[in-house]
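Asker: Take a look at the following structure, please.
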Amino acid sequence: MRILLCYFSGTGNTWWLCNRFKEMAEERGAEVTLRAMDEFLPKGMGAIVSEWCDSDVIGLAYPVHSSDAPPLVYRFLQDVAEGMEDGRRGPEHAFVLTTMQSFSGDGALMLEDGLAKMGVRIRVSRDFRMSPNTGVPFLTFNPLTDEKLERQMARTLAELEGTVDLVVQGKEMRKVQYGSFGRFNGWLQRVGPKWKNRTWRYFGAHPDRCTLCMLCVEQCPTGAIELEGEELRWTPECTDCFRCYNFCPERAVTVKGFAMREGRHRQHIYFRDRGFPPG
Ligand SMILES: Cc1cc2nc3c(=O)[nH]c(=O)nc-3n(C[C@H](O)[C@H](O)[C@H](O)COP(=O)(O)O)c2cc1C
Ligand code: SF4
Ligand code: SF4
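Here it is, written out as structure tokens:
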């Protein structure tokens with residue numbers, strides 16, 4: 021079975037999950053190609069459309085943002101669909117893996133309509149609990165340590181094993197967290213005050229801490245941070261992934277004026293040491 025797993029990961033959780041998925045699926049005899057969605061958007065979709073059409077099953081993975089997929093994921097899917105307008109056909113089945121902090125509602129099924137238009141049906145969907153990446157900067161209780169992070173990842177890996185089996189065996193499991201309650205809450209999160217395309221207004225750079233090293237500008241998956249004179253400016257291109265906030269070496273990116281507290285987040289250090297974000 022040839023699996024093409026396209027993922028978006030803002031701060032590393034989904035990247036980590038997809039890499040573990042690949043290892044497990046390959047142990048079970050599948051052939052897995054991993055592709056980061058943000059790699060293709062600036063370069064053009066030609067290569068990914070060919071890989072999409074040549075695979076037996078499509079995997080899509082993303083972090084849940086307010087019970088929804090980040091805007092970049094929708095854009096990616098739309099671009100693939102446009103790339104297939106010349107009549108090319110892809111596989112009929114997909115699976116969706118999402119990562120979330122605590123509650124996704126029906127966030128894992130948000131691509132259903134877009135995929136249906138491409139003739140693709142979601143056969144397996146599942147949320148995986150991972151560490152938060154938006155932690156309120158001024159709350160310091162219960163900080164995430166490496167030990168906690170690793171314990172949580174071990175639990176997630178145990179759940180992933182079962183999901184890999186379902187995908188490789190071609191079985192069905194569409195899981196919406198807490199059933200109709202999850203559906204309703206997902207809907208509520210989406211009609212309520214939307215994060216979508218709004219968070220960029222709250223970002224800023226701490227004038228004393230920012231060294232203008234440009235790392236955030238280079239690593240932003242959508243090129244949403246611009247340098248204007250001596251100041252950084254966040255633009256509506258932002259996909260709300262919080263990468264800039266989590267990976268700034270000086271903790272200089274602020275949200276509503278607050279910078280990240282020292283020791284508050286660990287996963288950015290954990291993943292940075294293991295190669296995320298790439299490049
Ligand atoms: C804008 C935004 C909204 C989020 N909304 C939710 C949510 O509704 N439910 C949830 O459980 N986690 C939520 N999270 C947490 C992320 O889904 C979670 O930390 C995810 O694993 C991050 O994955 P990544 O590191 O691959 O970007 C949100 C994170 C962001 C940045
Ligand atoms: S990564 Fe941090 S220090 Fe570097 S330019 Fe961005 S905000 Fe400034
Ligand atoms: S500006 Fe920051 S939060 Fe927005 S897309 Fe870029 S890295 Fe992600």
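Counting in my numbering, the final residue of the sequence shown is number 299, and the numbers go up one at a time with none missing. Beta carbons are placed, not taken as given, at the ideal position from N, Cα and C, and that holds for glycine.
1) For ligand 2, list every residue whose C-beta falls under 7 Å from any of its heavy atoms, going in chain order.
2) Which class does R271 belong to by DSSP, given the choice of helix, strand or coil?
3) Sorry if obvious, but does the Cβ on A45 come closer than 6 Å to a heavy atom of ligand 3?
4) Fully enclosed by the segment 110-160, which beta strand (DSSP E) runs are 3 residues long or longer?
5) Who are the Cβ neighbours of D126 in its own chain at under 6 Å, not counting the five residues just before and after it?
6) Do you know how far the Cα of F115 is from the Cα of S145?
7) Under a three-way DSSP split, which group does M65 fall into?
8) Compute every distance between the C-beta of C73 and the non-hydrogen atoms of ligand 3, then say whether any falls below 6 Å.
9) Note down the Cα distance separating T176 from G249, rounded to an integer number of angstroms.
10) So does D260 have its beta carbon nearer than 6 Å to some heavy atom of ligand 1?
11) Taking 6 Å as the cut-off, is the CB of V187 close to at least one heavy atom of ligand 1?
12) Distance, Cα to Cα, R210 vs D185?
13) Starting from V196, follow the beta strand (DSSP E) in both directions and report where the run begins and ends.
14) Using only the alpha-carbon positions, how far apart do T34 and E251 sit?
15) Nearest by alpha-carbon distance to V52: which of E59, Y27, M65 is it?
16) Please name the residue or residues paired with R55 in a DSSP beta bridge.
17) Can you say whether T165 is buried or exposed, counting buried as having 16 or more other CB atoms within 10 angstroms of its CB?
18) Who are the near neighbours of S124 in its chain, counting only those whose CB is closer than 7 Å to its CB and skipping five residues on each side?
19) Hey, is the segment 270-277 in contact with the segment 221-237, meaning 3+ C-beta pairs nearer than 8 Å?
20) Which term fits T231, buried or exposed, when burial requires 16 or more other beta carbons within 10 angstroms of its beta carbon?
21) Could you tell me if the beta carbon of T242 falls within a distance shorter than 6 Å of some heavy atom in ligand 1?
22) What are the partner residues of V77, as DSSP defines its beta bridges?
23) Any chance the CB of V93 is under 6 Å from a heavy atom of ligand 1?
24) CB M130 to CB A89, shorter than 7 Å?
25) So, at 8 Å on beta carbons, what are the nonlocal neighbours of E71 in its own chain, with the 5 sequence-adjacent residues on each side left out?
Answerer: According to the structure data:
1) A225, R229, C230, T231, L232, C233, M234, L235, C236, V237, L252, C264, C268, P269, E270, A272, V273
2) coil
3) no
4) 113-120, 141-149
5) V196, G202, R203, G206
6) 6 Å
7) coil
8) no
9) 45 Å
10) yes
11) no
12) 32 Å
13) Run containing V196: none; DSSP gives neither H nor E here.
14) 31 Å
15) Y27
16) C26
17) exposed
18) V84, S87, T118, D147, Q197
19) yes
20) exposed
21) no
22) I23
23) no
24) yes
25) L24, T53, R55
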